[in-house]
Amino acid sequence: MEKTANQTCLIIGASHAGVNAAFALRRQGWKGRIALFDRDPELPYHRPPLSKGFLSGDTSVEESLLKGLNSYEAEKIELHTGRSISGIIRDEKLVKLSDGTSHHYDALILATGARPLIPPIAGVREHENIFALRTATDARSIRNAFVDSAGKRVVVIGGGYIGLEAAASLRKLGGEVTVLEREDRVLARVTSPEMSAYFTDLHQTQGVVIATNRNVAAVGKNDDGLKVNCADGSQYPADLIIVGVGVSVNSELAENAGLRTANGILVDGKMRTSDPGIYAIGDCTTFHHPRYEREMRLESVQNAVDQAKVAAANICGTPTEYSSIPWFWSDQFDVKLQMCGLSTGYDQLVIRQETGDDPHQRSYWYFAGNQLLAVDAINHARAYMLGMKLLKDGKNPNPERLRDATLELHPRTILA
Amino acid sequence: MAKITFITQAGDSLELEADSGSVMELAVNNSVPGIDGDCGGVCSCATCHVHVAPEDWKKTGAPGDMEKDMLEFDDNVSEFSRLSCQIPVTEALDGITLKVAN
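In structure tokens:
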């Protein structure tokens, strides 16, 4: 790797993907300059706590840094925060910043992520106390608006994971929380009807109002505060509104540079874009996953971190292909959901309800034929880790034995 | 202040010091290879697995229930396995040795 001593790797985007790529490059032996750029002015932080412990006040952003400042200094990784990029000139291998400066690269990594989608709802951009949730600033603004509000009435538009986590966090603080979901169930795009039913019940038991089939038409304001009007005529008053209806991929830089995109920046198994000198990683990429034999884009810490490592290895001359098993987690109230694999295309769902002290403890096992696809585990780390191990080893448990909670959850019982 | 020694898979020995936070955070902030802490320390990912030196097991203590479940099916689990995100740094840890499991 001595030849890299006089080379530069620039990384655009300093969140989970970008920061992990920078440190992975050093570990893989990159000797030259590494510079990270991000428009966010903060020292890079973990994003998952923003809708969880940070909103509920259990943790601070300062406690959730990806790396301490000393780590960047120790590894000679330049961190340029609060800087935005205006373009990439591929012919000259230059990245241009909005402040007029430009930086040469030998290798370039795009880790530009995604931004919250703000749907075309009348009034949604016109009033105060309407927030998306992606950055530490967003989370602080929501928390401050909540603490300052008299009524603590919160309407969450969108029943996905971020929306439900935010709802749970603010309900824990005593908020009067309503979740409005356009589909006929929450989490409709990401999980099974059975899981949706579980989370609906969890939230309702905790006092969150879940209203499905609600198409938000307009947001207005009167003396009483904000009000959300749905197409069916229903109306919800609010002191603050959180919009969590999905994301738009930050692929404009790549598009403007002439790189191939399609619902994300297209990369191959080595995380190379259509320009082999430019890599892309994390939420912003669309790639062919060899395990599932289809194109996908994943929004998760796992995908960001694993793609970062693959890109760094390839840049440093160790050919590596991405093939990770996806995993995710979500914390809502006192429930921890851990998921591994992808359940898309399942034709059989086995629900295993444990009989111990915790009535929540259960796991959802998704199969296509006899092949295990995915496991969703609720307060059940053992089921999650066992599921992960079986997926890695390509082993398929016996559905009947799996369902029988009197049998210990162990390979020797469920593989029999 | 506690001094903690990490032995990496490559056999390198790294001596680090901290007075707060978790053992995982100490390792991540000093780029100890093999300790990633991808989930940020909420016992969700098992990417901070260490083997405690047997003579130091009393100092770290045994894993909690959820942590034990996370560890049981890990390929490199041993009777001295811990997830380092679940070990808070205290004076009592001074002088311990941890081997990075992966």
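Chains as they are written, first to last, in the working numbering: chain G, 1 to 416; chain C, 417 to 518.
Every residue gets a Cβ at the ideal spot worked out from N, C-alpha and C, and that includes glycine.
Kindly list the residues whose CB is nearer than 8 angstroms to the CB of G/Gln435, restricted to its own chain and excluding five residues on each side of it in sequence; keep chain order. Outside the modelled stretch of chain G, which goes from 1 to 416, sits residue 435 of chain G, for which no answer is possible.
Residue range of the beta strand (DSSP E) that G/Pro237 falls in? The sequence position of residue 237 of chain G within the first sequence is 237, counting from 1. 235-238 is the span of the beta strand (DSSP E), which, as asked, contains G/Pro237.
The segment 321-355 of chain G: which residues have C-beta closer than 8 angstroms to a C-beta of chain C, in chain order? Trp327, Trp329, Asp331, Lys336, Gln338
Contact set between G/Glu75 and chain C, taken where Cβ atoms lie within less than 7 angstroms: The residue labelled residue 75 of chain G in the question sits at position 75 within the first sequence. Ser447, listed in chain order.
Classify G/Ile162 as helix, strand or coil using the three-state DSSP reduction. Here residue 162 of chain G refers to the residue found at position 162 when the first sequence is read from its first residue. It is helical.
If you draw a straight line from the C-alpha of G/Asn129 to the C-alpha of G/Asp239, how long is it? Stepping through the first sequence from its first residue, residue 129 of chain G is reached at position 129. Stepping through the first sequence from its first residue, residue 239 of chain G is reached at position 239. The alpha-carbon atoms of G/Asn129 and G/Asp239 are separated by roughly 7 angstroms.
Does DSSP put C/Lys474 in a helix, a strand or coil? Position 58 of the second sequence holds residue 474 of chain C. Looking at C/Lys474 - three-state DSSP - the assignment turns out to be helix.
In chain C, which residues lie with their C-beta within 7 angstroms of the C-beta of G/Lys389? For the purposes of this step, residue 389 of chain G is identified with residue 389 of the first sequence, where counting begins at 1. What G/Lys389 touches in chain C: Phe489.
Distance, G/Arg171 Cα to G/Val208 Cα: On the first sequence, residue 208 of chain G is found 208 positions in, with the first residue counted as 1. On the first sequence, residue 171 of chain G is found 171 positions in, with the first residue counted as 1. One C-alpha to the other measures close to 7 angstroms.
Give me the residue from G/Ser56, G/Ser141, G/Arg140, G/Leu10 with the minimum Cα distance to G/His80. In the first sequence, counting from the first residue as 1, residue 80 of chain G sits at position 80. Among G/Ser56, G/Ser141, G/Arg140, G/Leu10, the Cα nearest to that of G/His80 is on G/Leu10.
Could you tell me which whole beta strand (DSSP E) segments of length 3 or greater appear in the segment 17-49 of chain G? 33-38
Starting from G/Val310, follow the alpha helix (DSSP H) in both directions and report where the run begins and ends. The residue labelled residue 310 of chain G in the question sits at position 310 within the first sequence. 301-315 is the span of the alpha helix (DSSP H), which, as asked, contains G/Val310.
CB-CB length for G/Met1 against C/Asp485, believed under 8 angstroms: What you label residue 1 of chain G is simply residue 1 of the first sequence in a count that begins at 1. What you label residue 485 of chain C is simply residue 69 of the second sequence in a count that begins at 1. Wrong, their Cβ atoms sit about 40 angstroms apart, outside the cutoff.
Indicate the three-state DSSP secondary structure (helix, strand or coil) for G/Phe131 in the structure shown. As a first step, residue 131 of chain G must be located in the first sequence, where it is residue number 131. In this structure, G/Phe131 counts as strand in the three-state DSSP scheme.
Neighbour flag for G/Ser98 against chain C, beta carbons, 8 angstroms: On the first sequence, position 98 is the one that residue 98 of chain G refers to. No - not a single Cβ of chain C is within 8 angstroms of the one on G/Ser98.
Report the partner residues of G/Met417 according to the DSSP bridge assignment. No answer is possible for residue 417 of chain G: it lies beyond the span of chain G, which begins at 1 and ends at 416.
Looking only at its chain, what residues have a beta carbon closer than 8 angstroms to the beta carbon of G/Ser98, apart from the 5 residues adjacent to it on each side? Stepping through the first sequence from its first residue, residue 98 of chain G is reached at position 98. Arg83, Ser84, Ile85, Ser86.
When the distance is taken between beta carbons, is C/Thr424 closer than 8 angstroms to C/Thr513? As a working mapping, residue 513 of chain C is identified with position 97 in the second sequence. As a working mapping, residue 424 of chain C is identified with position 8 in the second sequence. Against a cut-off of 8 angstroms, the Cβ pair of C/Thr424 and C/Thr513 comes out as no contact.
For G/Ile242 and G/Ser251, believed in contact at Cβ under 8 angstroms, the rounded distance: Within the first sequence, the letter at position 251 stands for residue 251 of chain G. Within the first sequence, the letter at position 242 stands for residue 242 of chain G. That belief does not hold up - the Cβ atoms of G/Ser251 and G/Ile242 are roughly 25 angstroms apart, past 8 angstroms.
Give me the Cβ distance between G/Ser51 and G/Ile162, rounded to the nearest whole Å; I'm assuming they're in contact under 8 angstroms. Stepping through the first sequence from its first residue, residue 51 of chain G is reached at position 51. Stepping through the first sequence from its first residue, residue 162 of chain G is reached at position 162. About 5 angstroms; that satisfies the 8 angstroms criterion.
Please list the terminal residues of the continuous beta strand (DSSP E) segment that includes G/Arg294. Position 294 of the first sequence holds residue 294 of chain G. G/Arg294 -> beta strand (DSSP E) spans 294-296.
With the cut-off set at 8 angstroms, would you say C/Cys455 and G/Val186 are in Cβ contact? In the second sequence, counting from the first residue as 1, residue 455 of chain C sits at position 39. In the first sequence, counting from the first residue as 1, residue 186 of chain G sits at position 186. The answer is no: Cβ separation not under 8 angstroms.
Closer than 7 angstroms at the beta carbon, the chain G residues around C/Asp485: Mapped onto the second sequence, residue 485 of chain C falls at position 69. Simply Ala381, Arg382, Met385.
Flag this pair as touching only if the segment 187-199 of chain G and the segment 146-161 of chain G have three or more C-beta atom pairs under 8 angstroms; answer yes or no. yes
Inter-residue spacing [alpha-carbon to alpha-carbon] between G/Ile351 and G/Ala381: Position 351 of the first sequence, counting from 1, holds the residue named residue 351 of chain G. Position 381 of the first sequence, counting from 1, holds the residue named residue 381 of chain G. Looking at the two C-alpha atoms, the distance is approximately 15 angstroms.
What separation, rounded to the nearest whole angstrom, lies between the Cα atoms of G/Thr344 and G/Ala5? Residue 344 of chain G sits at position 344 when you count from the first residue of the first sequence. Residue 5 of chain G sits at position 5 when you count from the first residue of the first sequence. Taking the straight line from one Cα to the other gives about 45 angstroms.
If you measure between the beta carbons of G/Trp425 and G/Leu342, is that distance less than 8 angstroms? An answer regarding residue 425 of chain G cannot be provided, because it is not within the stretch 1 to 416 covered by chain G.
By a C-beta neighbour count over all protein chains shown, 10 Å radius and 16 as the cutoff for buried, is C/Asp435 buried or exposed? Your numbering for residue 435 of chain C matches position 19 in the second sequence. The residue in question, C/Asp435, is exposed, as its Cβ has fewer than 16 Cβ neighbours within 10 Å.
CB C/Ser494 to CB C/Met440, shorter than 8 angstroms? Here residue 494 of chain C is taken as the residue at index 78 of the second sequence, counted from 1. Here residue 440 of chain C is taken as the residue at index 24 of the second sequence, counted from 1. Their beta carbons are not under 8 angstroms apart, which means C/Ser494 does not touch C/Met440 by this criterion.
Below 8 angstroms on the Cβ atoms is my guess for G/Leu281 versus G/Ala311; work out the distance and round it to an integer in Å. As a first step, residue 281 of chain G is located in the first sequence; it is residue number 281 there, counting from the start. As a first step, residue 311 of chain G is located in the first sequence; it is residue number 311 there, counting from the start. In the sequence as displayed, the identity of residue 281 of chain G is Ile instead of Leu. Confirmed, Cβ separation roughly 5 angstroms.
Looking at the structure shown, is G/Pro417 part of a helix, part of a strand, or coil, going by DSSP? Residue 417 of chain G cannot be examined here, being either before or after the span of chain G that is shown, 1 to 416.
Is it the case that the Cβ atoms of G/His127 and G/Val245 are separated by a distance below 8 angstroms? The sequence position of residue 127 of chain G within the first sequence is 127, counting from 1. The sequence position of residue 245 of chain G within the first sequence is 245, counting from 1. No, these two residues do not count as a Cβ contact at 8 angstroms.
Are the beta-carbon atoms belonging to G/Glu42 and G/Val61 less than 8 angstroms from one another? Reading the first sequence from its first residue, position 42 is the one you call residue 42 of chain G. Reading the first sequence from its first residue, position 61 is the one you call residue 61 of chain G. Taking 8 angstroms as the Cβ cut-off, G/Glu42 and G/Val61 qualify as a contacting pair.
Is the beta carbon of C/Val505 closer than 8 angstroms to that of C/Pro449? As a first step, residue 449 of chain C must be located in the second sequence, where it is residue number 33. As a first step, residue 505 of chain C must be located in the second sequence, where it is residue number 89. Not a contact, by the Cβ cut-off of 8 angstroms.
Around the Cβ of G/Val147, are there at least 16 other Cβ atoms within 10 angstroms (buried) or fewer (exposed)? Counting from one through the first sequence, the residue named residue 147 of chain G turns up at place 147. Exposed is the call here.
Under 7 angstroms by beta carbon: chain C residues contacting G/Pro48: In the first sequence, residue 48 of chain G corresponds to position 48, counting from 1. Simply Gly456.
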